[in-house]
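One structure is given here, and the rest of the page talks about it.
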Amino acid sequence: MCEEVQATVQKHTQGLRHSKEELNRLNQAIQRLTAEVNSAKSQPCELDRAREPRALQEESASGSAQGKLAWLEAALQRAKQDMARQLREYQELMIVKLGLDFEIATYRKLLEDEESRLGLGFGAGSFTLGSGLGSASGPANLLPPRAGSGALDTSAPGGGCALCGSPGCFGGLGCSGARRC
């Protein structure tokens, strides 16, 4: 989107540059014609008759140049307004994107925490249960957590496994409960 705005601005800038060059040529023509008119005023009356068409040409060229300049200024103003509108849209989209990124990160963290809590190990890497000597990594070597060790607790609030309710189950592996989680 930003590239489109830049391309539009560049296109309008080139058009403006060409129009300014043409305006400069027309202004030079106006100056030349003005000089010729001033020269004709100092000559005899027969040149006065030739001056009238040139004055009309000068007025026409001046009006044409002024009209083109007004059109170019309006086009530049429209391009600036369009660029400002697209910038606002881009900023709004970035706000939405950041919100979605935050939401994705939140759900990813919740999912990883739940996988870790359940001992599934589908997260970014292996996990460790237990602490200090006797710790084990991976789902095959689960150790019961020690009280106060800060290790993963898969027990239900009333005791036993949160999945099957069995007091001898530690998150699904080696389950002796009715559900065999």
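Take 1 as the starting number for the sequence shown in the working numbering and just add one per residue. Glycine included, C-beta positions come from ideal geometry on N, C-alpha and C. Since the structure is predicted, the reported quantities are computational estimates derived from the model, not experimental observations.
Residues of its chain near residue i, where Cβ-Cβ distance is below 7 Å and the 5 sequence neighbours each way are ignored
i	result
A29	A61
S19	K68, L72
Host alpha helix (DSSP H) of residue i (start-end)
i	result
Q10	2 to 41
Sequence-distant residues of the same chain with beta carbon closer than 8 Å to residue i, five excluded per side
i	result
L76	H12, L16
G148	Because the pLDDT at G148 is just 43, under 50, the model does not fix this residue reliably, and the value given afterwards should be weighed accordingly. So the list is empty, once near-sequence residues are dropped.
R54	L33, E36, V37, A40
M83	V5, T8, V9
Distance between beta carbons of residue j and residue i, contact taken as under 8 Å
i	j	result
V9	Q86	That pair is no contact at about 10 Å.
Helix, strand or coil at residue i [DSSP, three-state]
i	result
L111	helix
L120	coil
Nonlocal neighbours in the same chain, by C-beta distance under 6 Å from residue i, ignoring five residues either side
i	result
L26	A61, A65
Y90	M1
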